[in-house]
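J.: Under this note's numbering, the residues of the sequence shown are numbered 65 to 318, in order.
The structure is given below, and queries will be raised subsequently.
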Amino acid sequence: MRTITDYITADTAMPQFFPYPCFLLKMDLSYTARLLYALLLDRTTLSQKNGWQDSEGRTYIVYPVSEIAETLDKGRTAIKSALNELDAAGLLVRERRGFSAPNRLYVKIPQVPVVQFSDHMTAIQPEKRPSDSRKSDPHKDGKPTFALDGKPTPNQLTINQLKENQLKGASGEPPAPFGRYKNIFLSESEYTELKEEYPDRLERFIEEMSEYIAASGNDYVCHAAALRRWLNREKKENPKKGIPDYSYKEGESL
């Protein structure tokens with residue numbers, strides 16, 4: 065009986081796949097939003113190659129909702145909700161171009177460094193290779209990882225840099241820590257704007273989000289955008305009190 069799968073060899077041609085950035089693993093996004101981001105990022109790399117940049121040098125894509133829905137096998141409503149999620153998280157900007165012109169999508173990424181692998185990356189020869197085919201890093205609790213001459217692995221750099229970016233602030237201003245656990249970072253202008261928009265509820269939501277991030281390990285690229293999203297969601301769901309439940313089953317979207 066012939067199997068439908070094969071082992072990967074040195075000469076195996078890899079199937080088409082989407083890039084899935086490691087920082088998505090630490091973000092509070094639905095499954096559909098994460099999948100959509102990977103698709104849009106893949107399309108952005110194509111726009112890069114084809115020279116689709118605006119007058120400011122920013123790469124954009126044109127991707128109708130109907131085509132996205134067909135590609136991901138999702139409904140149009142689910143795709144629109146996922147687009148709103150990415151927009152609120154600061155990972156996407158949508159630009160309307162007028163009545164007859166197609167809208168532009170700008171995919172954004174945290175300011176993570178491009179990891180350059182050292183030319184002296186530790187090479188393990190076949191005859192010296194341990195049984196698990198990798199060298200264990202004592203700082204990773206025995207989990208196998210590639211040795212990079214004592215440097216952090218690329219995944220560690222990406223996730224750690226996401227934390228550092230929050231310390232810089234989306235507006236470029238040095239932010240201050242808020243919340244009981246000092247894990248909500250807002251610049252002076254961000255805090256002022258939020259306080260003007262939500263004078264009676266902002267402090268409560270800062271505390272709620274601080275506790276949520278500390279307890280769950282999930283985080284946001286932009287805390288100001290995340291707070292605004294939480295506050296607007298509660299307003300829509302009144303008379304419910306407290307923070308809405310943001311957990312979703314696979315395939316569902318906000």
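The C-beta atom is built at its ideal place from N, Cα and C for all residues, glycine as well.
Which ranges does the beta strand (DSSP E) cover as unbroken runs of at least 3 residues, wholly within the segment 243-269, from first to last along the chain?
T.: For the segment 243-269, whole beta strand (DSSP E) runs of length 3 or above, ordered along the chain, are 248-250.
J.: Could you pull the start and end residues of the beta strand (DSSP E) that E159 belongs to?
T.: Counting along the chain, the beta strand (DSSP E) containing E159 begins and ends at L156 to E159.
J.: According to DSSP, which residues form a beta bridge with R168?
T.: According to DSSP, R168 bridges with E159.
J.: According to the neighbour-count rule (16 or more other Cβ atoms, all chains shown, within 10 Å of its Cβ), is P128 buried or exposed?
T.: Exposed is the call here.
J.: Under a Cβ-count criterion, where at least 16 other Cβ atoms within 10 Å of its own Cβ denotes burial, should I143 be classed as buried or exposed?
T.: Buried: at least 16 other Cβ atoms inside 10 Å.
J.: Which residues bound the alpha helix (DSSP H) around S145?
T.: R140 to A152 is the extent of the alpha helix (DSSP H) around S145.
J.: Alpha carbon to alpha carbon, how far is T96 from L105?
T.: In a straight line, the C-alpha of T96 is about 14 Å away from that of L105.
J.: Where does I132 sit, in a helix, a strand or coil, going by DSSP?
T.: In this structure, I132 counts as helix in the three-state DSSP scheme.
J.: Confirm, please, whether the CB-CB distance from Y124 to R168 is below 7 Å.
T.: Yes, Cβ-Cβ distance for R168 and Y124 is below 7 Å.
J.: Assuming S280 and G243 form a contact by the criterion Cβ under 8 Å, report the distance between their Cβ atoms to the nearest whole angstrom.
T.: Rounded, the Cβ-Cβ distance is 14 Å, inconsistent with contact.
J.: Is T69 helix, strand or coil when you go by DSSP?
T.: DSSP places T69 in coil when its eight states are reduced to three.
J.: For A240, does the three-state DSSP call read helix, strand or coil?
T.: Note: A240 maps to strand in three-state DSSP.
J.: Name the residue from N247, R293, N282 and K138 whose alpha carbon lies nearest to the alpha carbon of L258.
T.: Ranking N247, R293, N282 and K138 by Cα distance to L258 puts R293 first.
J.: Given A146, which residues of its chain have a CB within under 6 Å of its CB, disregarding the five upstream and five downstream residues?
T.: Taken in chain order, the residues that qualify are T96, A97, L100 and S317.
J.: According to the neighbour-count rule (16 or more other Cβ atoms, all chains shown, within 10 Å of its Cβ), is S94 buried or exposed?
T.: Classification for S94: buried.
J.: Rounded to a whole number of angstroms, what is the C-alpha to C-alpha distance between E131 and K246?
T.: Going by the C-alpha atoms only, they are around 42 Å apart.
J.: Have a look at the DSSP bridge pairing and note the partners of D283.
T.: DSSP, once it has assigned bridges, lists M91 as partnering D283.
J.: Where A133 and M78 are concerned, what is the direct C-alpha to C-alpha distance, given to the nearest angstrom?
T.: Cα to Cα, A133 sits roughly 25 Å from M78.
J.: Suppose you measure from the CA of Q175 to the CA of P241; what does that come to, to the nearest Å?
T.: Taking the straight line from one Cα to the other gives about 20 Å.
J.: Let me confirm a value: V178 is counted as buried when at least 16 other C-beta atoms fall within 10 Å, else exposed. Which label applies?
T.: Residue confidence for V178 is low, a pLDDT of 46 falling below 50, so the modelled location carries little weight; the figure read from the coordinates is stated next. Exposed.
J.: Whole angstroms is fine: what's the gap from L150's alpha carbon to R268's?
T.: Cα-Cα distance, rounded: 24 Å.
J.: Return the Cβ separation of V126 and P166 in integer angstroms, given the expectation that the two are a contact with Cβ distance under 8 Å.
T.: Yes, they are in contact, since the Cβ atoms of V126 and P166 sit about 5 Å apart, within 8 Å.
J.: Enumerate in chain order the residues of its own chain whose CB-to-CB distance from R161 is below 8 Å, with the five nearest sequence positions on each side excluded.
T.: Within the same chain, R161 has close Cβ partners N167 and R168.
J.: Please name the residue or residues paired with Q117 in a DSSP beta bridge.
T.: BP columns for Q117 point to T123.
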